[in-house]
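Notes for the one structure printed next.
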Amino acid sequence: MIYRDFGRTGWRVSAIGLGTWNIGTQWGDVDQATAWATVRAAYDNGVNIFDAAESYGIPNGLSEERLGVALAGIR
13 MIYRDFGRTG
23 WRVSAIGLGT
33 WNIGTQWGDV
43 DQATAWATVR
53 AAYDNGVNIF
63 DAAESYGIPN
73 GLSEERLGVA
83 LAGIR
């Protein structure tokens, strides 16, 4: 994975991020296991920036909830 400096913060972020709109069911019926596998595959391959928003998912916040479940315990 290629990493870049994030401004002057000292953070190194992956050049590729994962948008999580797709795990919030707005692209079809995505179950929790598939959402978890998607997020973990991205993380395991070096992705460390994830795009989430309250409006991603039905109900609102579903993608954020699933992202949190997938990343729980990693830090």
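For the sequence shown, our numbering gives the first residue as 13, with consecutive numbering after it.
We put the beta carbon where it would ideally sit given N, CA and C, even for glycine.
These numbers were taken from a predicted model, which means no experiment stands behind them.
Between the C-alpha atoms of residue 50 and residue 61 there is a straight-line separation of about 14 Å. Residues of the same chain with a CB within less than 6 Å of the CB of residue 14, apart from the 5 flanking positions on each side, are 27 in chain order. Boundaries of the beta strand (DSSP E) harbouring residue 25: 24–26, taken from the DSSP string. For the pair residue 37 and residue 55, the Cα-to-Cα distance works out to about 20 Å.
Each of 47, 42 and 29 was checked against the Cα of residue 59, and the nearest Cα belongs to 29.
Per DSSP, the beta bridge partners of residue 30 are 62. Rounded to whole angstroms, the separation of the alpha carbons of residue 57 and residue 74 is 23 Å.
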